[in-house]
Every structure is written in structure tokens, then in C-alpha cells.
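Colleague:
Number of protein chains: 4
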Amino acid sequence: MDKKPFIFVLTFQCLDRQGIVARISDFILKHNGNIITADQYSTSPEAGDFFTRIEFYLPDSVCSRKALEEDFIPVAREFNANWRIHDKSIKLKMGIFTSRLDHCLADLLYLWKTGDLDVEIPFVASNYAANKELVEQYKIPFYFIPAVKENTRESELLALAKSRADFLVLARYMLVLSADFLSDYAKDIINIHHGFLPSFKGARPYKQAFSQGVKVIGATAHFVTGKLDEGPIIAQVVEGVTHRDDICSLIRKGKNLEKLALARAIGNYVDYRVFTHNNKTIIFE
Amino acid sequence: MDKKPFIFVLTFQCLDRQGIVARISDFILKHNGNIITADQYSTSPEAGDFFTRIEFYLPDSVCSRKALEEDFIPVAREFNANWRIHDKSIKLKMGIFTSRLDHCLADLLYLWKTGDLDVEIPFVASNYAANKELVEQYKIPFYFIPAVKENTRESELLALAKSRADFLVLARYMLVLSADFLSDYAKDIINIHHGFLPSFKGARPYKQAFSQGVKVIGATAHFVTGKLDEGPIIAQVVEGVTHRDDICSLIRKGKNLEKLALARAIGNYVDYRVFTHNNKTIIFE
Amino acid sequence: MDKKPFIFVLTFQCLDRQGIVARISDFILKHNGNIITADQYSTSPEAGDFFTRIEFYLPDSVCSRKALEEDFIPVAREFNANWRIHDKSIKLKMGIFTSRLDHCLADLLYLWKTGDLDVEIPFVASNYAANKELVEQYKIPFYFIPAVKENTRESELLALAKSRADFLVLARYMLVLSADFLSDYAKDIINIHHGFLPSFKGARPYKQAFSQGVKVIGATAHFVTGKLDEGPIIAQVVEGVTHRDDICSLIRKGKNLEKLALARAIGNYVDYRVFTHNNKTIIFE
Amino acid sequence: MDKKPFIFVLTFQCLDRQGIVARISDFILKHNGNIITADQYSTSPEAGDFFTRIEFYLPDSVCSRKALEEDFIPVAREFNANWRIHDKSIKLKMGIFTSRLDHCLADLLYLWKTGDLDVEIPFVASNYAANKELVEQYKIPFYFIPAVKENTRESELLALAKSRADFLVLARYMLVLSADFLSDYAKDIINIHHGFLPSFKGARPYKQAFSQGVKVIGATAHFVTGKLDEGPIIAQVVEGVTHRDDICSLIRKGKNLEKLALARAIGNYVDYRVFTHNNKTIIFE
């Protein structure tokens with residue numbers, strides 16, 4: 054699983070029209086590159102939105118990501134595209150906000166340590182002190198930033214996030230980030246919701262599921278937007294339950310679902326496989 | 054799968070207290086019976102509601118269902134129970150209401166013919182003529198009862214149901230039965246909803262699922278109550294989807310889920326495995 | 054779901070090297086085509102085998118499939134490729150062989166009738182007469198070709214298959230086709246095996262699963278090769294079971310799995326999404 | 054999830070015949086007990102083997118487990134039963150053997166710490182030193198007992214196991230325990246096999262799965278017997294895979310399956326829900 058040098062990922066999105074793939078693949082060929090894998094999707098082949106993720110490598114070190122991006126600007130301009138070129142040897146920096154429950158946090162830290170989650174973790178911030186020991190076992194900086202009454206000390210969280218994190222993960226973080234935080238941070242935030250959205254938004258979803266008597270429960274990883282639990286869904290994982298499951302066992306089963314959904318969502322995100330469009334996600338898995 | 058003679062199922066529900074199982078099993082022993090399988094559940098062992106399903110056989114033909122019921126009355130009275138004794142050699146009569154889409158109907162008829170669904174089907178009624186040929190291939194009476202403007206001709210449906218069906222199945226029946234129909238029929242009605250309840254109630258659930266961008270879709274079989282799509286859930290079946298699924302493919306995948314959920318719900322119901330309590334189901338699978 | 058005119062699918066497979074995508078997309082662009090969807094896969098980006106499926110449309114009727122193929126020959130020659138161009142408006146002809154059990158057959162016929170399975174069915178041949186009525190309800194020619202002692206009358210089956218079917222489906226066909234049949238027919242044959250391969254090859258897989266006490270059962274759709282139940286796997290569908298499942302209920306649950314696996318495999322196959330390589334499949338779902 | 058006092062579990066197994074449930078429930082009633090939940094199963098109602106698990110509580114502390122067992126002896130003798138009465142307030146002691154890979158070990162330790170796995174862990178023994186730090190973070194004794202050449206130092210392992218563990222878990226322990234060890238330890242040993250048994254026994258099951266091109270992978274928790282990977286299966290968990298999964302991603306996905314299967318198996322085992330019979334398990338879930 055060691056990184057190969059000089060592997061890049063182009064993420065590219067524009068209005069669909071003739072010749073996009075030909076133009077991009079010609080660009081890669083002219084840079085002496087070879088496509089490793091390419092995915093594309095169009096919401097409607099004739100008049101829709103076009104998305105592509107192309108992973109390619111350059112056999113020698115002539116060209117940096119910067120230089121590639123520079124060269125690519127005219128191509129992108131032709132199609133008025135929204136795009137990026139990513140260097141796969143550079144890991145994204147994932148900041149984590151969490152609260153009291155630590156199953157998702159513990160799972161992410163473990164996956165990070167074993168290399169199954171290919172990120173850096175610059176910090177974990179929590180409004181509970183309880184997770185300090187767990188985090189510091191992994192030699193990761195831990196910030197205890199308790200919410201005091203109405204003051205959630207968001208400015209401190211924001212400063213941390215802006216200065217150190219390429220994206221944020223809310224690993225069962227129980228406070229709601231303000232609109233100001235979202236607009237000021239302006240990067241991606243992934244949340245795990247312990248319910249099968251769009252059912253069971255808001256508080257205590259397992260209690261809701263229990264009282265409705267559903268036969269399947271789920272967990273949902275999604276991007277955070279200004280609307281609570283309504284951002285684009287990235288991953289959902291489900292499991293059957295029966296009348297014998299009480300709220301305790303729903304919570305216990307749900308923890309596994311939350312861990313699986315969050316890890317799957319982050320895994321795809323950090324490999325540049327997730328696009329958003331019209332409050333939905335396109336995921337090149 | 055041929056019926057063995059003299060197999061009975063006791064379904065029994067009361068407030069939980071000491072000695073229920075001892076009393077019932079003693080009753081069966083005194084009738085020279087042997088328990089084949091027994092399931093029980095209590096919502097709370099000390100103060101809750103108690104449910105049991107006991108399948109037993111009598112080695113000889115001395116005792117009819119009627120006679121057994123008569124003998125059981127004093128036992129039931131001790132516990133102030135809600136109960137029935139069913140004779141497994143008697144098939145329940147399942148009336149079917151349907152509309153235009155025939156995938157659930159076709160599946161039920163096929164399962165009935167092969168013996169995988171252990172019921173009689175006294176009739177199929179539809180507000181569309183289209184399914185006539187399919188139904189009559191199976192030599193089952195078909196009633197075309199079109200809804201005319203506001204008149205859904207419920208009285209005809211009601212007369213059919215009351216005179217011939219032990220319970221009803223709505224196999225993608227698109228009209229809403231009135232409160233009068235429900236109270237007058239007063240027996241169980243099982244509906245298949247083409248969405249993962251409690252999400253996506255009402256019309257066009259696949260369209261709702263598509264526009265929400267969910268990553269898992271589902272179908273829900275539930276009992277019909279006066280509240281649309283809110284009756285006790287009997288079975289839910291789910292499947293993963295991706296951004297590549299358009300509404301057509303959601304519908305196509307959903308058809309399988311609907312068939313599976315409905316067949317599973319009916320299969321448990323006709324084997325007397327489904328209890329309802331507080332708008333939820335207890336299912337001894 | 055109606056066919057759009059002038060939609061083509063290129064399936065293409067060669068040794069991986071630089072410039073393949075650029076060359077093909079340039080070809081499509083020069084024919085004034087637009088790519089609807091493209092998938093590609095390489096077993097190893099630097100030295101492996103490369104596979105692509107490209108669905109594209111031509112906005113006008115200038116070019117037939119034949120003409121396109123002619124034009125494409127030089128491109129294919131550059132890469133020494135194994136390739137085809139398919140016209141999506143032409144349905145593949147799927148011959149069906151079956152025996153006594155009809156659940157897969159009935160499902161395929163139903164899916165064909167509703168348009169969910171986009172094929173023609175030129176005939177059904179069976180070594181049992183029992184399915185005649187079912188097949189003829191759909192106005193599909195039925196051939197009763199009983200195996201007499203050692204004589205399975207393969208020559209008749211072969212004649213049917215060769216003259217009328219683009220590919221064959223064995224829908225619970227219980228006889229083993231000879232090596233001669235396979236080499237003489239020389240087109241694809243898809244079988245449904247009622248077990249989770251590579252476990253439970255050969256006869257009575259549900260009995261094998263029962264006596265092993267597995268907790269999950271499965272069904273496997275695969276291509277037929279000379280080695281019994283060892284051809285490339287196309288689809289596998291599984292479901293949990295418990296100690297309460299006897300062989301009868303395993304068979305009943307398994308029927309659903311078989312139907313789902315076979316329909317999924319055929320659906321992908323007839324949309325030209327299935328490639329084979331080293332006795333495995335690559336499926337661009 | 055705190056333990057209630059005076060809750061007992063009777064596990065009981067004998068040849069099926071009339072009156073077993075009546076006799077046992079009468080016994081409980083006479084001890085002033087109340088049944089919380091009862092499950093039963095018979096391999097064949099008339100002539101088979103009968104299994105029951107009955108969880109009950111005594112409202113006061115009059116009766117110890119010992120005293121209950123003493124009183125129960127005559128009942129058991131009537132049916133020539135194989136039985137135990139367990140006190141739910143006493144946790145089972147689960148010894149862990151492990152090797153280099155620590156995902157199952159880490160998961161078990163985490164579930165133990167959070168109380169989701171209701172056991173004591175008296176020790177972890179490993180033939181690798183690497184997991185020492187992980188284990189000791191949880192204040193659990195760690196024994197590094199390396200296998201030297203042919204000498205796996207089983208006598209030390211055996212001494213540990215016999216003196217301290219009610220049962221053993223092999224959490225990706227890569228050595229094979231000898232027949233002598235098994236017969237001398239003579240208590241239950243649960244192993245996690247990283248393949249979907251009975252497929253892929255023995256070494257490197259993910260490699261086997263990859264080269265066979267299966268579309269679903271699985272993990273299997275089972276009891277250890279003298280036959281490698283052939284003991285009674287307790288839990289199997291599966292997940293779909295595609296041609297894009299290489300051996301690395303199969304291993305990564307498989308780790309989740311292994312954790313889920315092992316935790317589920319142990320959870321049922323320590324709640325006295327698992328019976329074995331004819332190399333299969335009966336699990337009252």
C-alpha cells in the first residue's frame with residue numbers, strides 16, 4: 054500500500070458536450086502520462102453535467118502538480134470546468150471534532166495507525182475531556198474545548214480547523230456548528246448521523262427507530278450544510294433488527310454501522326472519489 | 054411440505070406474570086400433546102406484555118380445534134389473555150386488491166401455485182382490467198371494479214372481502230381504503246409500500262428517494278391502519294444504490310424489494326407468527 | 054426505457070499502454086459522437102491487461118454499426134485489441150434450457166415481458182414437458198426434448214442454439230452439456246448454480262449447506278466452461294440462515310437468491326458490461 | 054446494561070419427548086421464579102434432539118446457583134439431559150491467543166472496555182511481541198510466548214488457559230493448536246477464520262478468493278475441533294466485492310467482516326445462546 058511517486062488524480066466537472074474525454078486524454082498523453090483508472094458520469098448525456106475522475110501517472114519526475122495544473126488551465130477553460138489536480142503522495146489533513154462517545158473516534162484512529170485510512174490527523178478537538186487519553190496514545194494533539202453555557206468556543210475550533218485541516222470529520226460531535234463557522238471554514242465537513250436519513254433527523258434517532266418499530270436500522274455519513282442532517286449523503290450502512298432489540302441493542306448495533314459508514318465515506322473522500330451536485334453525491338467507487 | 058394432521062398453533066398475549074408457560078405447557082401435556090416449537094417475548098419481564106406462539110401436535114385425532122379452544126378457555130381466563138388456537142391444516146383465505154402494476158401480484162400467484170405461500174386465494178380484485186388474464190391463468194376469480202370518478206365502489210370490494218377473505222393483501226393497490234371500509238372489514242390488511250418507511254410516505258417514494266440522493270432504498274410491508282403508511286411494520290427489505298441509478302433503475306430494483314418484503318410478511322402472517330402491539334410488530338421468525 | 058437510436062457500445066480489451074483512451078475518444082469525436090458513459094479497468098497500470106466499455110451516440114444516422122466497425126479496424130490494430138461494437142437498438146437473442154424447476158424460468162419470462170430484461174427469447178427447450186404451458190402463455194416457442202437414457206439429444210439442442218441464440222441461459226437445467234456441445238456452440242452460456250461457489254459444487258448444494266451448518270447461503274451465476282461449476286463467476290447473491298432452516302426452507306430462500314443472481318448476471322451481460330479474463334469476470338456495473 | 058441480581062440461564066438438551074417444557078416451567082414456578090425469555094428448538098418434533106435456553110429471575114436471594122442446580126438434578130435425570138444453570142451476574146473469563154495482526158484483538162479489547170462485550174479478559178497471549186503495548190493500555194496481562202522453531206511452547210499456553218480461562222478466543226492466532234492441547238484444555242475455543250467457510254479453508258483465504266474471482270467475501274467464527282477450519286460454524290458475515298478489489302482491499306474489507314463475525318459469535322456465546330450438535334450450532338439469538 055506504499056505510495057507510488059508521480060501519481061496524480063484529476064477531478065473535473067463541467068457541462069456535458071462532445072470531446073471532453075478526447076481533450077483530457079490527449080493532454081495526459083502529451084505529458085507522457087498513462088491513465089491508471091478513469092471514471093465518468095453524466096447526469097444526462099446530451100444536456101447534463103459531466104463529472105470525471107482520472108488517475109494517471111507520469112513515468113518520470115519532470116512535472117510537478119503545480120506545473121501540471123498550469124498546463125491544464127487552457128483545457129479547463131475550453132469547457133469552463135470546475136477542476137483540481139491532486140498529488141496522491143500528499144496526504145490530506147483530517148481534523149476531528151468529537152464529543153463523549155468514542156467508538157467512531159477510536160475506529161478512525163485505529164484505521165489511521167494501520168494505514169487503512171490514508172490521511173494525516175493534525176488534531177482531535179472535543180467538548181469532553183474523556184477522550185484525551187485515547188487520542189494521546191496515538192501521539193496526536195488533543196484539544197479539550199468545552200462548551201460553556203451558550204458559548205461553544207467556536208472561534209477556537211475555527212482557528213484550529215482553518216490553520217491545520219484540509220477537511221473536518223464530526224465523529225459523533227454533538228454540537229451544531231453555526232452558519233458563520235461553515236461559511237468561514239468553507240471547506241468540506243463530513244458528519245456521521247446515527248440514523249437512516251432522511252428518516253430520523255435530529256436528536257435520538259435510535260429512540261425514534263425503536264418507537265416506530267422499524268425492521269432495519271442505518272447510519273448515514275454526509276456532508277454538513279446549513280440545514281441540519283440534510284447535506285449530501287456519502288454513505289449509508291444498514292442492518293436488520295427485530296422486536297427483541299431494545300434501545301440498548303439498537304445503539305450497540307448502530308455503533309458498528311456508524312463506524313462502517315464513516316470509514317467508507319472518508320476512504321472515498323480522501324481518494325478524491327466524491328463529487329457533489331444538487332445536494333447529492335456522485336461517488337466513483 | 055405436506056400438512057401433518059393435528060398440528061395446532063396457539064397464539065397468546067397477556068400481561069406478564071409468573072407461571073404462564075407452566076400453565077400452558079401443562080395444558081398441552083394433559084391433552085397428550087407435544088410442543089414442536091415455542092417462542093415467547095415479554096416487553097419487560099416484570100411488568101410488561103407477554104406474547105407466546107406455541108406450535109404443538111396431538112398424536113391422535115381425539116380433539117378438534119373447537120374442542121381444544123373450549124378446554125383452553127379457563128386457562129386464558131386466568132391470565133385475561135387475548136388468544137387463538139389455529140389448525141395448521143386449514144389454509145387462510147387471502148383476498149388480493151391490486152391496481153395496474155403486477156409484479157407483486159404475479160409473484161404472489163406464482164408462490165401460491167408452487168406451494169411456497171401456504172394460503173388460499175379466493176379472489177383478486179383490481180381497479181384495472183389489465184391483470185385479468187394473468188389471474189385467470191391461475192383459475193382464480195378476477196373482479197374488475199374500476200373506480201369511477203370519486204366513486205371507488207368500495208361497497209363491492211367490501212362485500213367481496215367480508216364474504217370470502219380471512220385477510221386482505223394490497224399488492225400495489227393505489228387507492229386509499231376509507232376509514233369506513235377498515236372498521237367494517239375489521240380484519241387484517243397487509244400493504245406493500247414501495248419505500249423505506251418512515252421515510253418516503255405517500256406518493257412516488259422512488260422519486261423522493263432519487264431526489265434525496267439516498268444510498269440505500271427499501272420496501273416496507275405493513276398493516277393498514279387509518280393513518281396512511283403508518284401502520285405496524287412487518288418486513289423491510291433494502292438494497293444499496295448509487296448515483297448511476299436513475300428513477301427507472303430505482304423502480305426496477307425496488308420491484309424485487311417489494312416482492313421480497315411482501316412475500317416475507319405474508320409468509321410469517323399466515324404461519325401465525327405476527328403479533329401487533331403499540332403500533333409495532335412482534336414476529337417469531 | 055425505450056431505445057434511443059444510434060447508441061453504440063464499444064467493448065475493447067488489449068495489453069495496457071499509453072494513449073489508448075486518447076486514441077479511442079479521438080475516434081469517437083471524429084465521428085461526431087458523444088460519450089454517454091465510459092468505464093475502464095486495468096489489471097496492472099504499467100504492464101497489465103486493459104479493458105474498456107464505452108457507450109456513445111451519434112447524433113445522426115450517417116453511420117451504421119458495420120461502417121463504424123470498418124472505420125475502427127485500424128485503431129484496434131494499433132493496440133492488437135479484442136473488441137466489438139454493439140448497436141443498442143438490436144436486442145440479443147437469449148435461448149433458454151431448463152428442466153423441471155421453473156422459478157428461474159418464470160422470473161426470466163416475467164422480466165422479459167415487462168421489459169426489465171432487454172432481450173429476445175427465441176425459444177425455451179426443456180427435458181421436461183411440464184413447463185410447456187408456462188412458456189406458451191408468453192407466445193414463446195417451447196421444445197420438449199427429453200433425455201432418453203444415455204441420449205440427451207444434444208444434437209437437437211445444439212441445432213436450436215446455433216441457429217437461433219446469441220447466447221444461452223441454463224435456468225436450472227440439470228443435465229451437463231458435453232465438451233463437444235460447448236466447443237461447437239462456441240458462444241456464451243450462463244448457468245445458475247444453487248450454491249455459493251466455490252463451496253458446494255455439483256449436486257444438491259442445499260443439502261451440502263445444511264449438513265455443514267453454514268449461516269449464510271448463496272446462489273452463483275457463472276459462465277459455463279468445460280469444468281463443472283468452475284467457470285467465471287458473474288454474480289453472487291447471499292442471505293443469512295439459522296439452525297431453524299431445514300432443507301425445505303433453504304431451498305425456498307435459495308430460489309429467491311437464484312432468481313436475483315441470474316437476472317442480475319443476464320442484465321449486465323446483455324448490456325455488454327461483462328468481460329472475462331483469467332477465469333474471472335470484470336463487470337462495469 | 055447493569056446486571057440485575059438473581060438472573061439465571063438454564064441451558065438444557067436431551068432427546069425430545071412429551072412434557073419437557075411443562076416440567077421445567079413447573080420447576081421454575083415452584084422456585085417462585087419468572088421466565089424472562091425462553092427459546093427452544095427440536096431437530097425433529099417426534100424423534101429428535103431437544104434444546105432449550107430459559108432465562109429467568111428469582112425475585113429474592115433465597116437461592117444460589119449451586120442450590121438451584123442441586124434442586125434441578127432430579128428434573129434433568131428424568132430426561133437424561135445435558136444441562137447447566139448459569140448465573141448472569143458472573144462474567145465468563147475469556148482468554149485470548151493472538152499473533153501479529155491486531156484488528157480483531159483491538160476490537161475485542163475496545164468492546165470489552167465499553168461494556169459491549171460482557172466478559173472478563175484474564176490475559177492475552179501472543180507469539181508476537183508487537184501487541185504488548187495495545188494490551189497493556191487496557192491493564193490486561195500480556196504474555197509473549199514466541200514459537201521457537203518447532204516448539205510452539207504449548208505447555209505454557211495450556212497452563213495459562215487451564216488456570217485462568219473459561220473459554221479461549223483465537224483472534225487471528227496463526228498457529229494450529231495440537232490435538233493434545235485440545236483434549237487437555239477440553240473447554241470451548243472460538244476461532245475467527247478469514248474466509249467464507251467451507252470455501253477457502255487453510256492458508257491465505259483472501260488470496261484464494263481473489264484468484265477464484267468470487268463476488269462476495271466472508272469471515273467465519275467457529276468452534277475449534279481437531280479438524281482444521283471444520284468445527285461448528287457460529288457466525289458468518291459477508292460483503293460484496295468487485296473486480297476492482299485487489300488482495301489488499303479484500304484484506305481491508307475482510308478485517309471488518311472478521312471483527313463483526315467474531316464479536317457476534319462471542320456475544321452470543323457468553324450469553325449462553327450457543328449449543329452445538331452434530332458439528333453444527335443452534336443459536337438462540
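Chains as they are written, first to last, in our numbering: chain A, 54 to 338; chain B, 54 to 338; chain C, 54 to 338; chain D, 54 to 338. By construction, the Cβ of each residue, glycine as well, lies at the ideal position given by its N, Cα and C atoms. Model, not experiment: these values are computed from the prediction.
Please list the terminal residues of the continuous alpha helix (DSSP H) segment that includes residue 92 of chain D.
Modeller: In the fourth sequence, the residue the question calls residue 92 of chain D occupies position 39. First-last for residue 92 of chain D: 87 to 95, but that is the beta strand (DSSP E), not the alpha helix (DSSP H).
Colleague: Please say whether residue 181 of chain B and residue 225 of chain B have beta carbons closer to each other than 8 Å?
Modeller: Within the second sequence, residue 225 of chain B is the residue found at index 172, counting from 1. Within the second sequence, residue 181 of chain B is the residue found at index 128, counting from 1. Contact flag unset, no.
Colleague: Looking at the strands, I want to know which residues DSSP matches up with residue 147 of chain D.
Modeller: Position 94 of the fourth sequence, counted from the first residue, corresponds to residue 147 of chain D. In DSSP, residue 147 of chain D forms a bridge with D:220.
Colleague: Exposed or buried, what is residue 240 of chain A when buried is set at 16 or more other beta-carbons lying within 10 Å of its beta-carbon?
Modeller: Counted from its first residue, the first sequence places residue 240 of chain A at position 187. Classification of residue 240 of chain A: exposed, given that the 10 Å Cβ count is below 16.
Colleague: Compute the Euclidean distance between the alpha carbons of residue 56 of chain A and residue 141 of chain A, then round it to the nearest angstrom.
Modeller: The count along the first sequence starts at 1 and reaches residue 56 of chain A at position 3. The count along the first sequence starts at 1 and reaches residue 141 of chain A at position 88. Low local confidence applies: a pLDDT of 42 at residue 56 of chain A is under 50, so the model's placement there is unreliable, and no value is given.
Colleague: In chain D, which residues lie less than 7 Å from residue 129 of chain C when you measure between Cβ atoms?
Modeller: Residue numbering aside, residue 129 of chain C sits at position 76 when the third sequence is read from its first letter. By Cβ distance, chain D contributes nothing, its closest Cβ being about 23 Å from residue 129 of chain C, past 7 Å.
Colleague: Report the CB separation of residue 16 of chain D from residue 223 of chain D in whole angstroms; it is logged as a contact under 8 Å.
Modeller: A query on residue 16 of chain D cannot be resolved here, the shown segment of chain D reaching from 54 to 338 and no further.
Colleague: Where residue 77 of chain C and residue 93 of chain A are concerned, what is the direct C-alpha to C-alpha distance, given to the nearest angstrom?
Modeller: The count along the third sequence starts at 1 and reaches residue 77 of chain C at position 24. The count along the first sequence starts at 1 and reaches residue 93 of chain A at position 40. Computed Cα separation, rounded: 15 Å.
Colleague: Going by C-alpha to C-alpha distance, which of C:266, C:200, C:336, C:311 sits closest to residue 330 of chain D?
Modeller: The residue labelled residue 330 of chain D in the question sits at position 277 within the fourth sequence. Minimum Cα distance to residue 330 of chain D is reached at C:266.
Colleague: Return the first residue and the last residue of the alpha helix (DSSP H) that residue 307 of chain C is part of.
Modeller: Counting from one through the third sequence, the residue named residue 307 of chain C turns up at place 254. Element bounds for residue 307 of chain C: 300 to 323.
Colleague: So does the segment 64 to 83 of chain D actually touch the segment 95 to 110 of chain D, counting three or more Cβ pairs closer than 8 Å?
Modeller: The answer is yes - the segment 95 to 110 of chain D touches the segment 64 to 83 of chain D, with three or more Cβ pairs under 8 Å.
Colleague: Tell me whether residue 184 of chain C is buried or exposed, calling it buried when 16 or more other Cβ atoms sit within 10 Å of its Cβ.
Modeller: Stepping through the third sequence from its first residue, residue 184 of chain C is reached at position 131. By the neighbour-count rule (16 or more Cβ atoms within 10 Å), residue 184 of chain C is buried.
Colleague: What runs of the beta strand (DSSP E), each 3 residues or longer, lie entirely inside the segment 141 to 210 of chain C?
Modeller: As far as the segment 141 to 210 of chain C is concerned, its whole beta strand (DSSP E) runs of at least 3 residues are 145 to 151, 177 to 179, 195 to 197.
Colleague: Just to confirm before moving on: does the CB-CB distance between residue 303 of chain D and residue 294 of chain D stay below 8 Å?
Modeller: Looking up residue 303 of chain D in the fourth sequence gives position 250. Looking up residue 294 of chain D in the fourth sequence gives position 241. Yes, these two residues count as a Cβ contact at 8 Å.
Colleague: Using only the alpha-carbon positions, how far apart do residue 328 of chain C and residue 285 of chain C sit?
Modeller: Against the third sequence, residue 328 of chain C aligns to sequence position 275. Against the third sequence, residue 285 of chain C aligns to sequence position 232. Roughly 10 Å separates the two Cα atoms.
Colleague: Residue 268 of chain A CB to nearest chain B CB: under 8 Å?
Modeller: Stepping through the first sequence from its first residue, residue 268 of chain A is reached at position 215. Chain B, which has a Cβ nearer than 8 Å to the Cβ of residue 268 of chain A, makes this yes.
Colleague: List the residues of chain A whose Cβ lies closer than 7 Å to the Cβ of residue 309 of chain D, in chain order.
Modeller: Indexing the fourth sequence from 1 puts residue 309 of chain D at position 256. Neighbours of residue 309 of chain D on chain A, chain order: 313.
Colleague: Entirely within the segment 211 to 288 of chain D and at least 3 residues each: give me those beta strand (DSSP E) ranges in chain order.
Modeller: Complete beta strand (DSSP E) runs here, min 3: 220 to 224, 242 to 246, 269 to 276.
Colleague: Does the Cβ of residue 301 of chain D have 16 or more other Cβ atoms within 10 Å, making it buried, or fewer, making it exposed?
Modeller: Along the fourth sequence, one-based indexing puts residue 301 of chain D at 248. Classification of residue 301 of chain D: exposed, given that the 10 Å Cβ count is below 16.
Colleague: Over the uninterrupted alpha helix (DSSP H) stretch that includes residue 123 of chain D, give me the two end residues.
Modeller: If you number the fourth sequence from 1, residue 123 of chain D lands on position 70. Note, residue 123 of chain D: alpha helix (DSSP H), 118 to 132.
Colleague: I'd like to know if residue 82 of chain C contacts chain F, where contact means its C-beta is closer than 8 Å to some C-beta of that chain.
Modeller: Protein chains A, B, C and D are contained in the structure displayed, whereas chain F is not.
Colleague: Do the segment 166 to 177 of chain A and the segment 194 to 203 of chain A meet, that is, are 3 or more Cβ pairs less than 8 Å apart?
Modeller: These segments touch.
Colleague: Drop a sphere of 10 angstroms on the beta-carbon of residue 192 of chain B, count the other beta-carbons inside from all chains shown, and report buried for 16 or more, exposed for fewer.
Modeller: Translated into the one-based positions of the second sequence, residue 192 of chain B becomes position 139. Exposed.
Colleague: So what's residue 137 of chain C in DSSP terms, helix, strand or just coil?
Modeller: As a position in the third sequence, residue 137 of chain C is number 84, starting the count at 1. Residue 137 of chain C: strand per DSSP, three-state reduction.
Colleague: Leaving aside the five residues before and after residue 269 of chain A along the sequence, list all residues of the same chain whose C-beta is less than 8 Å from its C-beta, in chain order.
Modeller: Here residue 269 of chain A is taken as the residue at index 216 of the first sequence, counted from 1. Hits under 8 Å: 249, 291, 292, 293, 294.
Colleague: Whole-angstrom Cβ separation of residue 89 of chain C and residue 118 of chain C, contact assumed at under 8 Å?
Modeller: For the purposes of this step, residue 89 of chain C is taken as the residue at position 36 of the third sequence. For the purposes of this step, residue 118 of chain C is taken as the residue at position 65 of the third sequence. Rounded, the Cβ-Cβ distance is 16 Å, inconsistent with contact.
Colleague: Taking DSSP as the reference, what is the three-state secondary structure of residue 112 of chain C?
Modeller: Walking along the third sequence from the start, residue 112 of chain C turns up at place 59. Residue 112 of chain C falls in the coil class under three-state DSSP.
Colleague: For residue 151 of chain D, which residues from the same chain have a beta carbon less than 7 Å from its beta carbon, with the 5 sequence-adjacent residues on both sides left out?
Modeller: Translated into the one-based positions of the fourth sequence, residue 151 of chain D becomes position 98. Within the same chain, residue 151 of chain D has close Cβ partners 158, 177, 179, 184, 224, 225, 226.
Colleague: Could you spell out where the alpha helix (DSSP H) holding residue 80 of chain D opens and where it closes?
Modeller: As a position in the fourth sequence, residue 80 of chain D is number 27, starting the count at 1. Residues 73 to 83.
Colleague: Do residue 160 of chain C and residue 187 of chain C come within 8 Å of each other at the CB atom, strictly closer than that value?
Modeller: Residue 187 of chain C sits at position 134 when you count from the first residue of the third sequence. Residue 160 of chain C sits at position 107 when you count from the first residue of the third sequence. Taking 8 Å as the Cβ cut-off, residue 187 of chain C and residue 160 of chain C do not qualify as a contacting pair.
Colleague: Just how far apart, CA to CA, sit residue 319 of chain A and residue 243 of chain A?
Modeller: Taking the first sequence and counting its residues from 1, the one referred to as residue 319 of chain A is at position 266. Taking the first sequence and counting its residues from 1, the one referred to as residue 243 of chain A is at position 190. C-alpha separation (whole angstroms): 8 Å.
Colleague: According to DSSP, simplified to helix, strand and coil, what is residue 101 of chain A?
Modeller: One-based indexing of the first sequence puts residue 101 of chain A at position 48. It is coil, neither helix nor strand.
Colleague: Smallest Cα separation from residue 214 of chain D: which of D:149, D:85, D:200, D:190?
Modeller: Against the fourth sequence, residue 214 of chain D aligns to sequence position 161. Minimum Cα distance to residue 214 of chain D is reached at D:149.
Colleague: Verify whether the separation of the beta carbon atoms of residue 325 of chain A and residue 105 of chain A is less than 8 Å.
Modeller: For the purposes of this step, residue 325 of chain A is taken as residue 272 along the first sequence, with counting starting at 1. For the purposes of this step, residue 105 of chain A is taken as residue 52 along the first sequence, with counting starting at 1. Contact: no.
Colleague: Within the same chain, show all residues whose beta-carbon is closer than 6 Å to that of residue 108 of chain C, passing over the 5 residues directly before and after it, in chain order.
Modeller: As a first step, residue 108 of chain C must be located in the third sequence, where it is residue number 55. Counting only Cβ-Cβ distances below 6 Å, and skipping sequence neighbours, we find 62, 89, 90.
Colleague: Which of the three DSSP states, helix, strand or coil, is assigned to residue 328 of chain D?
Modeller: For the purposes of this step, residue 328 of chain D is taken as residue 275 along the fourth sequence, with counting starting at 1. Strand, per DSSP.
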